[in-house]
Structures are given as C-alpha cells and as structure tokens.
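Student: Just so you know, the sequences run in chain order Y and D.
Converting from the first sequence to my numbering requires adding 976 to each position, the first position being numbered 1.
Converting from the second sequence to my numbering requires adding 295 to each position, the first position being numbered 1.
Think of the CB as a built atom: it goes at the ideal place given N, C-alpha and C, for glycine as much as any other residue.
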Amino acid sequence: QQQVKQSPQSLIVQKGGISIINCAYENTAFDYFPWYQQFPGKGPALLIAIRPDVSEKKEGRFTISFNKSAKQFSLHIMDSQPGDSATYFCAASIPGGGNKLTFGTGTQLKVEL
Amino acid sequence: SAVISQKPSRDICQRGTSLTIQCQVDSQVTMMFWYRQQPGQSLTLIATANQGSEATYESGFVIDKFPISRPNLTFSTLTVSNMSPEDSSIYLCSVERTSGGGEQFFGPGTRLTVL
C-alpha cells in the first residue's frame, strides 16, 4: 500500500516559470514532510521540510504548502531554472518511529530554456 | 548537514556472490538507515542500523539476504548476499542528525549491477 502519492510523474516547465509538485498522504500519524532533490548519479539532497503546525514554509525559491485537513502538501519552485532539472521526491515520517521515511514515487522535472 | 561517503561507488558482480557496502559519516549519529532505489524508481527502506544491537528490517527484507553491521556511531555496512540480477539497484545509506529535528541526509549511493 502506497502511503504517499506523488504527482505528476514528469513535468516540463519553461525557464522562469513555476514548477508545482503535489503529494497526498493517508496516514494521519505522519508529522514530518521533507522534499528531496536528486540529480542523476547522486544521492537525494534534502531541499526543504515542513511540520503540520504551519501551512507554508519558504526557503529561497522553494516553498512547501501544507493542507492538513486535505492531507496534501506541495512543492512550488518559483523562477524555475535549468539547473533545477532533477527528480524530486516527497516523503513523510512518523514521530517516534525512528523517523523512517516513506517516499513518494518521484517527479522528473525538466526546465527548458 | 553530515558528510557521508559510501564505498564502493559502483560495482558489477556475478550472480551468487556477495557484496559489502560501507557507509562512513564524518560525525557521530544515532540513526543510520539503508535504502534501495531500483532504476528509475523511488526509495525503499531496507533497514535501520542500530548501534550495539541488531538491525531492524522492513517488511520484505531479511537479515540473511541483507546483513547489516553498525560497530560504532560513524560507520555501517550492508551486505547484499547471494546476489541475483533482481538485486541490481542503487543502495543508499542515510543518517539522521543526532541533534534531532528529523532531517535525514543521504550518501552518494552505491550502484550495483548483477550479471
């Protein structure tokens, strides 16, 4: 049973545009929601994370929006750049559960000139 | 963030053999994890490597196939035993900062191909 659903599977955005990736979860015990960025041949890099006590978190061009009632969260990349072209994974974890991460299926983002 | 290294970075192995992957962290960490990422797929947790005790395995993964060692707070190994082509994947270790916060940081991964 997939506990974190991610969409879209792939995304093409023009340079300067906004990239939006969505995730939905089922387990209400999740309380930590990170996003990872992965380039080919590299390990995932922590990009930004949020906890359910806030509805939005912004770091530079990256923003997480969190909707607790809908059990959804999304990543917005403002002013998308070709260097943002990578695979993005959302994830979730449960407190006290050793912080084991459950990952979404990933979104392959391509930012075109 | 923590600096994490893995050895080897990649390997090509024959069916039926075993490979041990090393994960080294530049600082002491409480939690270390091993993940598998099959080609073009997401990450799946194999086990949590506990210092001083046996690893905790996720459903579908067993100690006989993926024995793990955690001799200290900066090092862990994962062995992929009796390999088959289905074991061809990227194997990643990750660590959680001891200071808490929940952030996990990943190593560069080991790309394994089994012929």
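#1: Should glycine 1036 of chain Y be flagged as near chain D, meaning a C-beta pair shorter than 8 Å?
#2: Return yes when the Cβ of phenylalanine 1009 of chain Y is within less than 8 Å of the Cβ of isoleucine 994 of chain Y, no when it is not.
#3: Using only CA atoms, which one of Y:Gln990, Y:Lys991, Y:Ala1000, Y:Gly992 lies nearest to proline 984 of chain Y?
#4: Starting from the beta carbon of proline 403 of chain D, find every residue of chain Y whose beta carbon is closer than 7 Å, and list them in chain order.
#5: Would you report the Cα separation of threonine 1039 of chain Y and serine 1050 of chain Y, rounded to the nearest angstrom?
#6: So which of D:Pro403, D:Arg305, D:Ser354 has the shortest CA-CA distance to valine 298 of chain D?
#7: My guess is that serine 384 of chain D and glutamine 333 of chain D are in contact by the Cβ rule of under 8 Å, so how many angstroms apart are they, rounded?
#8: Cα-Cα, which of D:Pro362, D:Glu391, D:Asn367 is closest to leucine 314 of chain D?
#9: Among residues of its own chain, excluding the 5 on either side of glutamine 990 of chain Y, which ones have a beta-carbon nearer than 7 Å to its beta-carbon?
#10: Terminal residues of the continuous beta strand (DSSP E) containing isoleucine 1070 of chain Y?
#11: Check whether chain Y comes within 8 Å of glycine 397 of chain D, counting only Cβ atoms and requiring the distance to be less than that.
#12: Per DSSP, what kind of secondary structure is glutamate 1088 of chain Y in: helix, strand or coil?
#13: Touching or not, the region 1063-1072 of chain Y and the region 354-370 of chain D, by the rule of three or more beta carbon pairs under 8 Å?
#14: At 3 residues or longer, and completely inside the region 302-363 of chain D: list those beta strand (DSSP E) runs for me, N to C.
#15: Which residue from Y:Asp1060, Y:Asn1075, Y:Gly1017 puts its Cα closest to that of glycine 992 of chain Y?
#16: Considering Cα atoms alone, identify which of Y:Gln1048, Y:Pro1016, Y:Arg1037, Y:Phe1015 is closest to serine 1031 of chain Y.
#17: Using a C-beta to C-beta distance shorter than 9 Å, which residues of chain D count as neighbours of threonine 1081 of chain Y?
#18: In chain D, which residues lie less than 8 Å from alanine 1068 of chain Y when you measure between Cβ atoms?
#19: Find the residues of chain D that neighbour phenylalanine 1065 of chain Y, judging by a C-beta separation of less than 9 Å, and give them in chain order.
Tutor: The relevant details are as follows:
#1: What you label residue 1036 of chain Y is simply residue 60 of the first sequence in a count that begins at 1. By this cut-off, glycine 1036 of chain Y is not an interface position.
#2: Position 18 of the first sequence holds residue 994 of chain Y. Position 33 of the first sequence holds residue 1009 of chain Y. Contact flag unset, no.
#3: If you number the first sequence from 1, residue 984 of chain Y lands on position 8. Closest by alpha carbon: Y:Ala1000.
#4: Counting from one through the second sequence, the residue named residue 403 of chain D turns up at place 108. What proline 403 of chain D touches in chain Y: Lys1018, Gly1019.
#5: For the purposes of this step, residue 1039 of chain Y is taken as the residue at position 63 of the first sequence. For the purposes of this step, residue 1050 of chain Y is taken as the residue at position 74 of the first sequence. So the alpha carbons of these two residues sit roughly 8 Å apart.
#6: If you number the second sequence from 1, residue 298 of chain D lands on position 3. Comparing alpha carbon positions, the residue from D:Pro403, D:Arg305, D:Ser354 closest to valine 298 of chain D is D:Pro403.
#7: What you label residue 384 of chain D is simply residue 89 of the second sequence in a count that begins at 1. What you label residue 333 of chain D is simply residue 38 of the second sequence in a count that begins at 1. The pair is a contact, with the Cβ atoms about 5 Å apart (cut-off 8 Å).
#8: Position 19 of the second sequence, counting from 1, holds the residue named residue 314 of chain D. When only C-alpha atoms are compared, the closest one is D:Pro362.
#9: Locating residue 990 of chain Y in the first sequence gives position 14, counting from the first residue. So the qualifying residues of the chain are Glu1088.
#10: To locate residue 1070 of chain Y, count along the first sequence from 1; it is residue 94. Per DSSP, isoleucine 1070 of chain Y belongs to no beta strand (DSSP E) and is neither H nor E.
#11: Counting from one through the second sequence, the residue named residue 397 of chain D turns up at place 102. Taking Cβ atoms only, chain Y reaches closer than 8 Å to glycine 397 of chain D, which makes this a yes.
#12: For the purposes of this step, residue 1088 of chain Y is taken as the residue at position 112 of the first sequence. Three-state result, glutamate 1088 of chain Y: strand.
#13: no
#14: Entirely contained in the region 302-363 of chain D, the beta strand (DSSP E) runs reaching 3 residues are, in chain order, 305-308, 314-320, 326-332, 338-344.
#15: Within the first sequence, the letter at position 16 stands for residue 992 of chain Y. Nearest C-alpha to glycine 992 of chain Y: Y:Asp1060.
#16: Position 55 of the first sequence, counted from the start, is the residue given in the question as residue 1031 of chain Y. With distances taken between Cα atoms, serine 1031 of chain Y lies closest to Y:Gln1048.
#17: Counting from 1 along the first sequence, the entry for residue 1081 of chain Y is found at position 105. In chain order: Gln336, Ser337.
#18: On the first sequence, residue 1068 of chain Y is found 92 positions in, with the first residue counted as 1. Within 8 Å Cβ-Cβ: nothing; alanine 1068 of chain Y doesn't reach chain D, min ~11 Å.
#19: Here residue 1065 of chain Y corresponds to residue number 89 of the first sequence, with the count starting at 1. Ser337, Leu338, listed in chain order.
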